[in-house]
Each structure stands twice: as C-alpha cells, then as structure tokens.
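Protein chains in written order, with the working numbering: chain Z, 1 to 111; chain E, 1 to 76.
Here it is in structure tokens:
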C-alpha cells in the first residue's frame, strides 16, 4: 500500500465518527453484506460516511491491509476498527453496537 | 474460484484442532458459506481476534478463492 492510500484511509477515519468502507454507496450498495450493514446504521439513525471501495482499486486492496482484515465491508467507530459484516451484525442483534454508540457519545436512535 | 466444505474444515482444523465446525452451503454453489466454529482457543480473545484466527487458518483464501464465508465464533 502506498502512502497516499494509507493517508487517505486515515483521513476518512479521522474526520468521520463512523466510517463504513463498503462496495457501492449507502444509497446504492453493490453487495449484500455492504447493504446489510448500511441498513443497520440507517435504522440506528447514525451519521456515517460510506466510502465506496469499488471506485479505487488501491483503496479496495489498501483497506484490507490497513485493517489486517480480508473482507469488505469494514466499520470504524471513532477511529477504532469494530469489525466486518458478521461481527457488526452480531453486535447489532445483541445490543452491543448501541452500547458502543452510547459510550462514545454518538447520536443515535436509542429506543 | 470455489472451495468445498471439506477443504475449509480441514484448514480450520489444522489451526484449531479442537474446533467443532458446522458449515452450511448457503446457495449450493460451493462459494457462499456460513460457518459456526466453537473452540477453546477463542477464550480470552475478542471477536475481531477470533475471526482473524479463522481467516488466518484459511491462509489467504478468504476474499479470493472463497468469496463469502459468514463466520460465527463461540468459546467452548
């Protein structure tokens, strides 16, 4: 991964409380797993930045190396890698995701 | 670009010999799987670490030969 890709990823993570590296966009996801996570974040009514890794090949490969994680989507909350589709889905279902949002003071639908 | 269930199980077993592995072929195409893996080696590790152990056991096949493997890890 070159420095410009690394810096680009880091700046997305630094400037957005919640970052979703995904295939497609929140409005037009191009993969079922990316869509699933995007929908969960929408239901929780959080502000998140969807970053379409399909737009740039260097980003698509770079994010895997950056997070040391082989699959996409990937979720970052306040600079911290939270997980991919399976983990975030599990956290959404068992309430852990809401707990993290609350702990990190991120506005979301709490009821 | 596909892997069969046996191959996946063998690789995971090499890394996690005590693992109990259940795998479902979700679409019947040898390419979209869901796996539940139970192992004592997961204890004391967080979910990210647990999933990484499974990914590592697949030696780079995840995201390449293996397109989709939904993972659920459980501590024994």
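All C-beta atoms in this analysis are idealised placements derived from N, C-alpha and C, irrespective of residue type, glycine included. All of these numbers come straight from a predicted model, not from anything done at the bench.
Would you mind working out which of the options sits nearest residue i, comparing C-alpha positions?
i: residue 72/Z; options: 80/Z, 59/Z, 46/Z; result: 59/Z
i: residue 29/E; options: 69/E, 39/E, 75/E; result: 69/E
i: residue 35/E; options: 41/E, 22/E, 44/E, 47/E; result: 22/E
i: residue 107/Z; options: 88/Z, 13/Z, 83/Z, 77/Z; result: 77/Z
i: residue 14/Z; options: 95/Z, 83/Z, 79/Z, 91/Z; result: 79/Z
i: residue 32/Z; options: 89/Z, 11/Z, 81/Z; result: 89/Z
Given that residue i touches chain E, what residues does it touch there, using C-beta distances under 8 Å?
i: residue 87/Z; result: 47, 48, 51
Step through the CB atoms of chain E and report whether any lies within less than 8 Å of the CB of residue i.
i: residue 70/Z; result: yes
i: residue 83/Z; result: yes
i: residue 64/Z; result: yes
Quick check: residue i and residue j, are their CB atoms within less than 8 Å of each other?
i: residue 41/Z; j: residue 63/Z; result: no
i: residue 37/Z; j: residue 85/Z; result: yes
i: residue 29/Z; j: residue 62/E; result: no
Taking residue i as the query, report the chain Z residues whose CB atoms sit under 8 Å from its CB, ordered along the chain.
i: residue 15/E; result: Those do not exist, as residue 15/E stays about 15 Å from chain Z at its closest Cβ, beyond 8 Å.
How about residue i: is its C-beta nearer than 8 Å to some C-beta of chain Z?
i: residue 71/E; result: yes
i: residue 62/E; result: yes
Residue i versus chain Z: which residues are under 7 Å apart at the beta carbon?
i: residue 55/E; result: 70
Since residue i and residue j are thought to touch, with beta carbons under 8 Å apart, how far apart are those beta carbons, to the nearest angstrom?
i: residue 16/E; j: residue 57/E; result: 6 Å
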